[in-house]
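Counting from 474, one number per residue, gives the positions in the sequence shown under the numbering used here. Yeah, the Cβ is synthetic: ideal placement off N, Cα and C, and Gly gets one too. Okay, structure first, notes after.
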Amino acid sequence: MTHLAAFDAAFAELPLIAILRGLRPREAEGVGEALVAAGFRLIEVPLNSPEPLDGIARMARALAGRAVVGAGTVLTPDAVADVEAAGGRMIISPNTDARVIEASAARGLVSLPGVATPSEAFAALDAGATALKLFPAEGASPAVLKAMRAVLPKSTRVLPVGGIAPDNMWPWIEAGAAGFGLGSALYKPGMAAGEVADRARAFVASWRGLIA
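Shown next, in the form of structure tokens:
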């Protein structure tokens with residue numbers, strides 16, 4: 474199975490990306506297992522976390538075949554190569570940088586660049602983005618997403634990221650969100666795996682209840 478096919482399968486199962494900013498490598502396996510047990514299949518370790526490539530490598534090994542692991546805050550093509558070498562298969566960025574998107578696509582990796590405008594969204598798709606991250610969602614609104622969805626190709630998956638909680642997903646889903654990236658409402662640095670599991674289950678229950 475290609476990396477893109479694995480992503481598509483995981484996305485179809487649960488289109489929520491766990492963003493583990495600040496995760497330490499020694500916590501990777503425990504937090505990863507907690508997320509997978511709750512139903513998560515997409516996990517991101519931002520590159521501004523402590524020793525992120527080590528954390529990605531540990532999690533990718535531990536969760537092989539059960540989750541797609543990748544990196545966030547990927548800002549350069551060299552970083553794309555580093556993430557791939559560590560076992561990461563998703564390349565997630567806060568911005569739209571065609572060099573990063575093209576480097577990811579050329580390696581067969583999943584590319585989720587950050588966009589805030591229709592111009593950035595179309596540029597990202599032209600460069601080969603797999604899906605789009607609407608970031609920061611706090612600076613947008615469901616109305617903005619709805620307007621963007623009206624002009625983007627129908628198959629485009631857009632995931633709001635920033636400020637998403639179990640109780641505020643529905644307006645975004647109504648506006649056309651295909652899924653979400655979940656940050657501090659799911660995980661904060663140093664959080665025990667048990668608490669992550671509790672928060673993860675709350676998100677999963679909310680998502681499944683809303684789309685039922």
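If we call anything under 8 Å between Cβ atoms a contact, is G601 one with I564?
Against a cut-off of 8 Å, the Cβ pair of I564 and G601 comes out as no contact.
Specify the secondary structure class of E575 as computed by DSSP and reduced to three states.
It is helical.
Tell me which residues share the same chain as A533 and place their Cβ nearer than 6 Å to its Cβ, disregarding the 5 neighbours each side in the sequence.
Only V542, G560 meet the Cβ criterion.
Going by beta-carbon coordinates alone, are G652 and F484 separated by less than 8 Å?
Yes, the pair counts as a contact, with Cβ atoms nearer than the cut-off.
Is the beta carbon of L520 less than 8 Å from the beta carbon of A482?
No. Outside cutoff.
Helix, strand or coil, according to DSSP, for V588 in the structure here?
Strand at V588.
P633 and A610 - do their beta-carbons sit closer together than 8 Å?
Yes, the Cβ-Cβ distance between A610 and P633 is below 8 Å.
Could you check the C-alpha separation between A535 and G505 for me, to the nearest Å?
Going by the C-alpha atoms only, they are around 8 Å apart.
Mark G682 as exposed unless 16 or more other C-beta atoms lie within 10 angstroms of its C-beta, in which case mark it buried.
So G682 counts as exposed.
State buried or exposed for G612, treating a residue as buried only when at least 16 other CB atoms are found within 10 Å of its CB.
G612 should be labelled exposed.
Answer yes or no: do P567 and F608 have a C-beta to C-beta separation smaller than 8 Å?
Their beta carbons are under 8 Å apart, which means P567 touches F608 by this criterion.
Taking only three categories from DSSP, how would you classify I492?
Strand, per DSSP.
Considering only DSSP beta bridges, list what K606 is partnered with.
DSSP output for K606 lists G587, L632 as bridge partner(s).
Taking the beta strand (DSSP E) that I684 falls in, what are its first and last residues?
Premise fails: I684 lies in the alpha helix (DSSP H), 666 to 684, not in any beta strand (DSSP E).
Name the DSSP bridge partner or partners of P639?
P639 is not bridged to any residue.
As a quick exercise: from P550, S522, A510, V547, pick the residue whose alpha carbon is nearest that of R539.
R539 has its Cα closest to that of A510, out of P550, S522, A510, V547.
What residue range is occupied by the uninterrupted alpha helix (DSSP H) comprising A507?
Residues 501 to 511.
Would G656 pass as a contact of I492 if the rule is Cβ separation under 8 Å?
The answer is yes: Cβ separation under 8 Å.
Using C-beta distances below 8 Å, list every residue in its chain close to L618, excluding the 5 sequence neighbours before and after it, in chain order.
If we look at L618 and ignore the five residues flanking it on each side, its Cβ neighbours are L607, V631, P633, W645, A648, G649, A650.
Give a yes or no on whether the C-beta atoms belonging to A673 and L659 are separated by under 8 Å.
Contact: yes.
Within 10 Å of its beta-carbon, does S522 have 16 or more other beta-carbons around it, so buried, or fewer, so exposed?
Per the 10 Å Cβ criterion, buried.
With distances taken Cα to Cα, identify the nearest neighbour of H476 among G636, E500, L515.
Of the candidates G636, E500, L515, the one whose C-alpha sits nearest the C-alpha of H476 is L515.
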